[in-house]
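Numbering (my numbering), first residue to last: 1 to 204.
The block underneath contains the structure these notes are about, expressed in structure tokens.
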């Protein structure tokens, strides 16, 4: 029974030392407070060797040798340990929840930004297509207008050329008529002169 009590005391003390070390390494002020408060208890530790290989070599005075004040102190320290562990667990749970929420927000923000980038890219592509289509349409209209202007110029030119040809033909016809009139008049004059000459010869 004494060995069981000593082993249990050893286990509790190791847990206490381990918890104090963990708290101090984590930067918690509670670690220093626990260490200072448990000095009187830990100072009563005696290092002895045991023949039972199943029990660690480091053992402590039996709980029966502790007075009421030390027992209460140990209970208080253990309670503080439990509360500290619970607070640490609660903090870790909250930190974990906060990290999960932050990661979720980051993922959602990345997804939102990705959708926004894709939408902006799609709009840019659509705008580029519309601009190209407008430029092609404007170029097509410009070419059509140029073709219409050229066709109109060609029509005017051909019209002018046709008018010149018509005037030439008309002038040629007019010239021929004049020549015919002159020739006919000359023939008439020659016939009249010839007839007059014949009449004069008859009188003689």
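All residues carry an ideal CB built from backbone N, CA and C; glycine is no exception.
| Asked | Found |
| --- | --- |
| Considering Cα atoms alone, identify which of 113, 181, 16 and 160 is closest to residue 85. | 16 |
| What's the gap between the Cα of residue 95 and the Cα of residue 118? | 34 Å |
| Determine the direct distance from the alpha carbon of residue 110 to that of residue 98, and round the result to whole angstroms. | 18 Å |
| Along the chain, where does the alpha helix (DSSP H) containing residue 26 start, and where does it finish? | From DSSP, residue 26 is part of no alpha helix (DSSP H); its letter is neither H nor E. |
| Could you check if residue 19 is buried or exposed, using at least 16 other CB atoms within 10 Å of its CB as the buried criterion? | buried |
| Is it buried or exposed, residue 188, if we count other Cβ atoms within 10 angstroms and call 16 or more buried? | exposed |
| Would you check if the distance between the CB atom of residue 80 and the CB atom of residue 34 is smaller than 8 Å? | yes |
| Taking 7 Å as the cut-off, is the CB of residue 200 close to at least one heavy atom of the ligand ADP? | Absent from the structure shown: the ligand ADP. Ligands present: none. |
| To which residues of the same chain is residue 246 closer than 8 Å at the C-beta, ignoring the five residues directly before and after it? | Absent from the structure is residue 246, since the part of the chain shown begins at 1 and ends at 204. |
| State the Cα-Cα distance for the pair residue 26 and residue 113, rounded to the nearest angstrom. | 38 Å |
| Can you grab the Cα-Cα spacing for the pair residue 123 / residue 158, in whole Å? | 52 Å |
| Quick one: Cα of residue 77 to Cα of residue 103, how far? | 38 Å |
| Buried or exposed: residue 149, going by 16 or more other Cβ atoms within 10 Å of its Cβ? | exposed |
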